[in-house]
Amino acid sequence: MVVLKAKIIDIITGEKSIVLNEEDAKNLMLKLNDRVRLNRCDVSTTGICESIVCFTEITKTLVNPGEIGIYRDILKDFPIKDGENIEVNPAPTPLSVEYIKKKMKGKTLTKSEINQIIKDVVSYSLSQIEIAAFLMAEEYVGMNMDEIENLTRAIAENGNIIDFEEPVVDKHSIGGVPGNKVSLLIVPIVASAGLKIPKTSSRAITSPSGTADTMEVLAPVNFSAGELKRILKKTGGFIVWGGSLNIAPADDIFIRIEHVLSIDPLSQMLASIMAKKLAMNIKTLVLDIPVGRGAKVENFDEARKIANQFIELGNRLDIRVRCGITYGGQPVGHTVGPALEAKEALETLMGNGPKSLIEKSTALAGMLFEMTGLTTKGGGQDMAKEILRSGKAYQKMKEIIEAQGGNPNIKPDEIPLGDKRYVVVAPTDGYISSISNSAINAIARAAGAPIDKGAGVKLYAKMGYAVKKGDPIIEIYAERSTKLKEAIDLISRNPPFMIEGMLLEEVPGF
Numbered sequence: 020m021v022v023l024k025a026k027i028i029d030i031i032t033g034e035k036s037i038v039l040n041e042e043d044a045k046n047l048m049l050k051l052n053d054r055v056r057l058n059r060c061d062v063s064t065t066g067i068c069e070s071i072v073c074f075t076e077i078t079k080t081l082v083n084p085g086e087i088g089i090y091r092d093i094l095k096d097f098p099i100k101d102g103e104n105i106e107v108n109p110a111p112t113p114l115s116v117e118y119i120k121k122k123m124k125g126k127t128l129t130k131s132e133i134n135q136i137i138k139d140v141v142s143y144s145l146s147q148i149e150i151a152a153f154l155m156a157e158e159y160v161g162m163n164m165d166e167i168e169n170l171t172r173a174i175a176e177n178g179n180i181i182d183f184e185e186p187v188v189d190k191h192s193i194g195g196v197p198g199n200k201v202s203l204l205i206v207p208i209v210a211s212a213g214l215k216i217p218k219t220s221s222r223a224i225t226s227p228s229g230t231a232d233t234m235e236v237l238a239p240v241n242f243s244a245g246e247l248k249r250i251l252k253k254t255g256g257f258i259v260w261g262g263s264l265n266i267a268p269a270d271d272i273f274i275r276i277e278h279v280l281s282i283d284p285l286s287q288m289l290a291s292i293m294a295k296k297l298a299m300n301i302k303t304l305v306l307d308i309p310v311g312r313g314a315k316v317e318n319f320d321e322a323r324k325i326a327n328q329f330i331e332l333g334n335r336l337d338i339r340v341r342c343g344i345t346y347g348g349q350p351v352g353h354t355v356g357p358a359l360e361a362k363e364a365l366e367t368l369m370g371n372g373p374k375s376l377i378e379k380s381t382a383l384a385g386m387l388f389e390m391t392g393l394t395t396k397g398g399g400q401d402m403a404k405e406i407l408r409s410g411k412a413y414q415k416m417k418e419i420i421e422a423q424g425g426n427p428n429i430k431p432d433e434i435p436l437g438d439k440r441y442v443v444v445a446p447t448d449g450y451i452s453s454i455s456n457s458a459i460n461a462i463a464r465a466a467g468a469p470i471d472k473g474a475g476v477k478l479y480a481k482m483g484y485a486v487k488k489g490d491p492i493i494e495i496y497a498e499r500s501t502k503l504k505e506a507i508d509l510i511s512r513n514p515p516f517m518i519e520g521m522l523l524e525e526v527p528g529f
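The sequence shown lines up with residues 20 to 529 when you count with the numbering used here.
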């Protein structure tokens with residue numbers, strides 16, 4: 020054990036790491052990425068002693084002997100000051116590392132083993148490499164349903180649980196389709212019918228806009244649990260960012276690493292979605308599974324298999340689940356990007372939206388109506404369409420926007436969009452034979468979405484549309500000229516659409 024003086028380093032690394040001088044590391048017999056436990060006692064004020072496990076980085080010059088470099092990541096959980104004395108001890112490897120190795124060998128994990136892994140994930144006792152190993156084992160070895168149930172419960176229980184003290188329902192999509200702003204219609208439709216729908220959503224990680232990013236154009240999305248309970252009682256629904264509530268925090272850590280690895284293990288997807296519903300005490304859930312080329316799920320057999328697994332897991336968790344397999348072969352509606360999607364959702368609530376968005380939203384909302392007994396089997400979508408047509412859903416959305424601190428009277432044309440624009444036109448006459456989800460995603464992100472709220476893509480034509488040479492097909496919106504150029508440059512490398520008979524590329528001969 021040694022006592023070192025803290026030196027705050029204004030860098031966020033994404034991991035609980037500290038920096039030791041090479042001499043101090045040698046004295047403590049520590050190597051790169053070894054674990055250390057930091058201890059401090061605030062004797063002068065609270066008298067409370069705190070500790071945290073971190074990973075070691077080693078330097079010759081960044082910190083001097085007798086100092087310990089503290090990155091900003093640590094300060095939230097371990098609030099120390101520059102120059103404060105910190106006790107540093109080598110820390111043992113957690114038992115959960117052995118459990119991860121057990122899973123890698125293809126063996127089944129017990130409930131206590133899975134729970135320990137999740138505890139160590141949320142306490143940052145596992146390195147990103149060790150967490151990646153666990154996710155890779157899930158991807159290539161897999162989990163049985165007992166393990167998935169235990170994983171789901173562990174993720175939920177190692178975070179905050181919110182009890183709204185009344186029955187609540189929800190809709191969720193497994194994702195993978197750009198422009199899927201249906202929650203901005205479903206929540207006010209369902210709340211208008213008297214059901215309680217507390218919608219917590221994610222921000223975009225690989226897409227141009229998460230539901231929370233889109234809603235944030237209209238109103239704030241960061242709230243405490245107490246604030247959400249008051250909003251739900253007042254309006255019957257809300258659309259907020261779940262990350263501010265510390266619901267299933269392990270899932271946020273897993274998602275970041277999955278993104279780097281470009282994997283999405285089925286067991287983790289099941290546990291991730293259902294843990295958040297368990298943490299919100301959801302009792303009735305409609306799950307949207309988009310199917311089609313470029314979606315996460317590309318065929319009906321796979322979609323049905325996933326649906327049955329969600330239903331079985333829901334039964335184990337006392338959550339009634341019904342799955343809707345929807346078309347996911349092209350973007351939902353005609354816009355992709357936070358402001359563009361918010362504008363289109365508002366237009367649809369006011370009676371002027373695209374048919375594809377209306378059909379999908381009312382079908383999923385209708386399933387909730389049927390599950391809760393508000394209407395008979397087969398009558399749900401008609402009920403949802405009537406609520407939308409009557410203007411009740413639009414009025415409810417205004418209530419929700421106001422309750423979340425936004426302007427309830429905002430009009431679609433008042434939503435600011437990127438003023439740097441470029442229109443891609445049809446190079447020939449014909450029919451649109453395909454729209455690439457991945458290309459649209461990439462172009463919208465290159466244009467600046469979701470960080471630049473006004474960036475994104477508008478589609479003037481979708482699959483099956485007849486077009487003439489020179490007709491607009493898509494329009495790119497950006498807030499910065501450099502981002503617009505980046506998006507335009509991407510089009511030639513990754514065409515976002517195909518027209519039947521279109522010349523794709525000319526390869527010159529010798």
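For every residue, glycine included, the Cβ atom is placed at its ideal position computed from N, Cα and C.
Reduced DSSP category for residue i - H, G, I as helix; E, B as strand; rest coil
i, result
"residue 499", "coil"
"residue 39", "strand"
"residue 84", "coil"
"residue 275", "helix"
"residue 74", "strand"
"residue 290", "helix"
"residue 34", "coil"
"residue 222", "coil"
"residue 242", "coil"
"residue 69", "strand"
"residue 57", "strand"
"residue 106", "strand"
"residue 62", "Legend: pLDDT at residue 62 = 48, less than 50; position of this residue unreliable, value from coordinates given subsequently. Coil, per DSSP."
"residue 48", "coil"
"residue 237", "coil"
"residue 528", "coil"
"residue 228", "coil"
"residue 96", "coil"
"residue 460", "helix"
"residue 133", "helix"
Beta-bridge partners of residue i, as assigned by DSSP
i, result
"residue 517", "453"
"residue 189", "304"
"residue 323", "Residue 323 is not bridged to any residue."
"residue 441", "495"
"residue 309", "345"
"residue 216", "256"
"residue 485", "450"
"residue 90", "28"
"residue 316", "310"
Straight-line gap, residue i to residue j (C-alpha atoms, nearest Å)
i, j, result
"residue 179", "residue 345", "32 Å"
"residue 409", "residue 210", "14 Å"
"residue 71", "residue 133", "22 Å"
"residue 326", "residue 193", "11 Å"
"residue 181", "residue 504", "45 Å"
"residue 226", "residue 514", "18 Å"
"residue 526", "residue 511", "14 Å"
"residue 240", "residue 220", "9 Å"
"residue 258", "residue 86", "46 Å"
"residue 50", "residue 88", "16 Å"
"residue 388", "residue 143", "42 Å"
"residue 114", "residue 148", "16 Å"
"residue 60", "residue 68", "4 Å"
"residue 107", "residue 412", "58 Å"
"residue 42", "residue 274", "37 Å"
"residue 37", "residue 370", "56 Å"
"residue 489", "residue 376", "27 Å"
"residue 146", "residue 289", "23 Å"
"residue 454", "residue 478", "10 Å"
Residue range of the unbroken beta strand (DSSP E) whose run includes residue i
i, result
"residue 25", "21–28"
"residue 478", "475–478"
Run of the alpha helix (DSSP H) containing residue i, from where it starts to where it stops
i, result
"residue 113", "Looking at the DSSP string, residue 113 is not in any alpha helix (DSSP H), and its letter there is neither H nor E."
"residue 167", "164–176"
"residue 153", "147–159"
"residue 282", "Unbroken run through residue 282: none, as it is neither H nor E."
"residue 435", "Counting along the chain, residue 435 falls outside any alpha helix (DSSP H), and DSSP gives it neither H nor E."
"residue 127", "From DSSP, residue 127 is part of no alpha helix (DSSP H); its letter is neither H nor E."
"residue 196", "No alpha helix (DSSP H) contains residue 196, which DSSP labels as neither H nor E."
"residue 263", "That residue, residue 263, is in no alpha helix (DSSP H); it is neither H nor E in DSSP."
"residue 208", "202–211"
Residue-level contact to chain B via CB, residue i, 8 Å cutoff
i, result
"residue 144", "The displayed structure is made up of one protein chain only, and chain B is not part of it."
Jot down the residue ranges of each uninterrupted beta strand (DSSP E) in the region 328–411, minimum 3 residues, whole runs only, in chain order. Fully enclosed beta strand (DSSP E) runs of 3 or longer: 339–346.
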